[in-house]
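Residue numbers (the working numbering), protein chains in the order written: chain A, 1 to 161; chain B, 162 to 322.
For reference, the structure discussed in these notes is given below.
Number of protein chains: 2
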Amino acid sequence: MGLSIVSSTLPPRGSDLPLLLLLGFRALIDDVHAELAEAGHAGFRPLHGVTFKAIGDGVTASELGRRLGVSKQAAGKTIEGLEREGYVERVADPEDARSKIIRLTSRGVDVQQQAFKVMADLRARWAERLGEERMAAIEEALREMTADRETRFDIPGWFNG
Amino acid sequence: MGLSIVSSTLPPRGSDLPLLLLLGFRALIDDVHAELAEAGHAGFRPLHGVTFKAIGDGVTASELGRRLGVSKQAAGKTIEGLEREGYVERVADPEDARSKIIRLTSRGVDVQQQAFKVMADLRARWAERLGEERMAAIEEALREMTADRETRFDIPGWFNG
DNA sequence: CACAATCGACAACCCCATTGTCTATTAAGG
DNA sequence: CCTTAATAGACAATGGGGTTGTCGATTGTG
């Protein structure tokens with residue numbers, strides 16, 4: 001393909017920083033899930049990872065809904081799916097008879113551990129190519145620029161609107 | 162909150178690189194859309210930006226669907242929405258009577274230009290805080306690590322599964 | 001000991017994306 | 001040419017996933 005007569009307006013220099021961050025993120029996540037798929041977790045999606053992070057050490061369906069930015073009913077549906085695949089379980093809350101605590105099963109913890117390991121491996125691979133110094137500089141810089149922002153888990157709603 | 166007796170398994174060092182990239186991306190995108198909202202484009206969502214990128218200099222609904230990783234019907238719906246808000250228009254394809262070309266209106270180009278400008282400004286702000294050298298190093302590193310990946314626009318389907 | 005608030009479950013609804021089908025148009029091959 | 005396959009976009013029917021609304025049970029508050 002050649003040059004088009006009617007070209008789009010050129011983006012100014014430096015406006016592709018968000019895209020670069022997104023591409024980097026996607027590259028890592030894709031590699032992580034490729035590894036997970038090989039390890040028998042083919043159905044595990046990036047969104048599940050976020051849900052796992054939101055679950056943390058255990059939450060109620062209502063709280064999970066709040067963290068994910070969806071209704072508690074929607075969170076319940078998500079949980080059902082993860083429960084069916086054996087990643088999470090619901091146990092009675094000893095301190096509140098209304099609540100059921102959602103927490104990772106050993107299989108869930110296993111996926112998470114594997115994911116963490118792959119991420120660390122990928123980080124090492126990046127460091128290998130970029131040099132440990134540059135790698136650390138990137139991390140430090142990103143930490144600095146995002147220090148005032150809290151980690152939010154409502155990715156789909158946030159992005160899709 | 163204190164230390165919980167049952168703590169979650171600790172993520173290994175270096176496994177938070179994806180999260181850092183995501184946080185950085187989100188920080189930038191949030192700031193961009195905050196500015197756009199003030200400029201009268203409150204309904205403009207991150208997903209719309211991706212759609213704009215996928216539209217490029219003009220595409221058919223079918224092609225847009227392929228780029229976004231959704232059916233042409235779904236792409237058509239998205240287009241209707243953007244059309245209603247005056248961001249895109251459909252014009253007949255002079256070379257193919259079946260096709261209608263979707264392209265940005267002047268209003269659409271305006272939002273895009275503004276978004277580009279805000280992104281460049283934010284990049285400058287980052288450079289101010291990190292130093293131009295570090296900023297450039299990050300960009301260069303990300304470019305290097307994502308050079309072999311093509312830019313894909315199927316974000317929602319990719320992430321949500 | 002009332003009373004408001006919250007938890008999870010159930011039901012009804014809605015939006016959006018999907019598949020399937022249709023006509024019009026284009027491209028390819030004999 | 002003329003037939004046949006492929007593609008564009010419109011329309012219809014379906015389904016998944018989200019939403020609101022309601023309910024009984026339980027908790028916390030004054």
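Just so it is clear, CB atoms sit at the ideal spot from N, CA and C, and this is done for glycine as well.
Whether residue i touches residue j by CB criterion (8 Å)
| i | j | result |
| --- | --- | --- |
| B:V193 | B:V279 | yes |
| A:G24 | B:M306 | yes |
| B:R295 | A:A137 | yes |
| B:K261 | B:R245 | no |
| A:G157 | A:G69 | yes |
Bridge-paired residues (DSSP) for residue i
| i | result |
| --- | --- |
| B:V211 | B:V211 is not bridged to any residue. |
| B:V220 | B:I263 |
Length of the line joining the Cα atoms of residue i and residue j
| i | j | result |
| --- | --- | --- |
| B:L164 | B:D191 | Annotation note: pLDDT 37 at B:L164 (below 50); position unreliable, coordinate value reported separately. Looking at the two C-alpha atoms, the distance is approximately 32 Å. |
| A:A115 | A:R67 | 21 Å |
| B:L283 | B:G322 | 31 Å |
| A:A39 | A:A75 | 27 Å |
| A:A127 | A:A120 | 10 Å |
| B:E196 | A:A92 | 46 Å |
| B:K233 | B:S223 | 5 Å |
| A:R143 | B:R187 | 13 Å |
| B:L178 | B:A308 | 18 Å |
| B:L181 | A:L19 | 14 Å |
| A:G86 | B:L171 | 21 Å |
| B:L208 | A:R45 | 19 Å |
| A:V59 | A:Q112 | 17 Å |
| A:P12 | B:G269 | 17 Å |
| A:D96 | B:D218 | 58 Å |
| A:D110 | A:R125 | 22 Å |
| B:E301 | A:E140 | 16 Å |
| A:T105 | A:L28 | 25 Å |
| B:G226 | B:K238 | 10 Å |
| A:E132 | A:A42 | 32 Å |
| B:L183 | B:F320 | 12 Å |
| B:L243 | B:R264 | 11 Å |
| B:R310 | A:A37 | 20 Å |
| A:I79 | B:R259 | 45 Å |
Residue i Cβ short of 7 Å to the ligand FAD heavy atom set
| i | result |
| --- | --- |
| A:A124 | Absence of the ligand FAD is noted for the structure shown, with no ligands found whatsoever. |
Original post:
Where are the alpha helix (DSSP H) runs, 4 residues long or more, that stay fully inside the region 89–144 of chain A, in chain order?
Top reply: Runs found: 106–130.
**OP:** State whether the region 211–223 of chain B contacts the region 312–320 of chain B, with contact taken as three or more CB pairs (one from each stretch) at a distance under 8 Å.
**Re:** Yes: at least three Cβ pairs fall under 8 Å.
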